[in-house]
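Quick note on numbering that gives the first Met the number 0: the sequence shown kicks off at 0 and runs consecutively. A virtual CB, placed ideally from N, CA and C, is assigned to each residue, including glycine. Everything below concerns the one structure shown next.
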Amino acid sequence: MSPLWRDELGAYLSPYRLCLVRMKRGVRPTPVAEHEQRLEGVKGDSFGPALEAFAAMLAQSPWQGTATRVVIADHWARYAIVPWVAALGSAQERLAHGRQLLAGLYGEAVEGWDVRISEAPPGTARVVCAVPGELIAAVRAACAAHGSTILSLQPQLVAAYEAWRPSLPSS
Numbered sequence: 000m001s002p003l004w005r006d007e008l009g010a011y012l013s014p015y016r017l018c019l020v021r022m023k024r025g026v027r028p029t030p031v032a033e034h035e036q037r038l039e040g041v042k043g044d045s046f047g048p049a050l051e052a053f054a055a056m057l058a059q060s061p062w063q064g065t066a067t068r069v070v071i072a073d074h075w076a077r078y079a080i081v082p083w084v085a086a087l088g089s090a091q092e093r094l095a096h097g098r099q100l101l102a103g104l105y106g107e108a109v110e111g112w113d114v115r116i117s118e119a120p121p122g123t124a125r126v127v128c129a130v131p132g133e134l135i136a137a138v139r140a141a142c143a144a145h146g147s148t149i150l151s152l153q154p155q156l157v158a159a160y161e162a163w164r165p166s167l168p169s170s
């Protein structure tokens, strides 16, 4: 079967809610299964209950073996604006600069987190984002354990920007 015609699973994980939708692909993609679950008794920044619920749902037949797009709540993400610094010549240097800014803003809380920095033309600011590495690893492990491949794994702000980017002004 062509990858363009394979069903896709969309998942949203937040501290208080898990949402899943399985889309039948084709000329007119249509939802074939939907699930929304409130998560009770969550304390602090714990992502354990959301991951447990996600893994439990992936174990059920409507959700297994799909190409999966995962959006995680911004509750677990940290962002910063990275001003342009001409002296930083490589992507690694810009990423290290972004890590320093995040550490200055959020302290040791972001140590060990997965950090990504946006692409932008020279001379313009960028956005740096950090997400707990344990969260990313656990989402990947849950998907792999149930035969799903991850197409994307993004924080909510990034997913929203990507969805709206075609409608935004060019400058």
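Beta carbon of residue 17 nearer than 8 Å to that of residue 36: Walking along the sequence shown from the start, residue 17 turns up at place 18. Walking along the sequence shown from the start, residue 36 turns up at place 37. Cβ atoms of residue 17 and residue 36: closer than 8 Å.
C-alpha gap between residue 0 and residue 6, whole angstroms: Start at 1 with the first residue of the sequence shown, and residue 0 comes out as number 1. Start at 1 with the first residue of the sequence shown, and residue 6 comes out as number 7. Confidence in residue 0 is poor, its pLDDT being 49 and thus under 50, which makes the residue's placement too unreliable to answer from.
Bridge-paired residues (DSSP) for residue 23: Numbered from its first residue, the sequence shown carries residue 23 at position 24. Listed as beta-bridge partners of residue 23 by DSSP are 29.
Own chain, CB closer than 7 Å to residue 41, minus 5 neighbours either side, in chain order: Counting from 1 along the sequence shown, the entry for residue 41 is found at position 42. 14, 15, 48.
Own chain partners of residue 115 with C-beta closer than 6 Å, once the 5 adjacent residues on each side are dropped: Within the sequence shown, the letter at position 116 stands for residue 115. The residues are 128.
Given 8 Å, three or more beta-carbon pairs between the stretch 98 to 118 and the stretch 25 to 34: Output reads no: the stretch 25 to 34 does not touch the stretch 98 to 118.
Cβ-heavy atom distance, residue 47 to the ligand ATP, below 7 Å: Looking for the ligand ATP in the displayed structure turns up nothing, as the structure carries no ligands at all.
Exposure label - residue 151; buried when at least 16 CB within 10 Å: Residue mapping note: residue 151 aligns to position 152 of the sequence shown, counting from 1. Label assigned to residue 151: exposed.
Cβ shell of residue 125 (< 8 Å), same chain only, five flanking positions each side left out: As a position in the sequence shown, residue 125 is number 126, starting the count at 1. Counting only Cβ-Cβ distances below 8 Å, and skipping sequence neighbours, we find 80, 81, 83, 93, 97, 116, 117, 118, 119.
Option in 88, 146, 159, 140 with minimal Cα separation from residue 11: Taking the first residue of the sequence shown as position 1, residue 11 is located at position 12. It is 159.
Where the alpha helix (DSSP H) containing residue 159 begins and where it ends: Against the sequence shown, residue 159 aligns to sequence position 160. 155 to 163 is the extent of the alpha helix (DSSP H) around residue 159.
Sequence ranges, beta strand (DSSP E) only - wholly within the stretch 40 to 109, length at least 3: 66 to 71, 77 to 81
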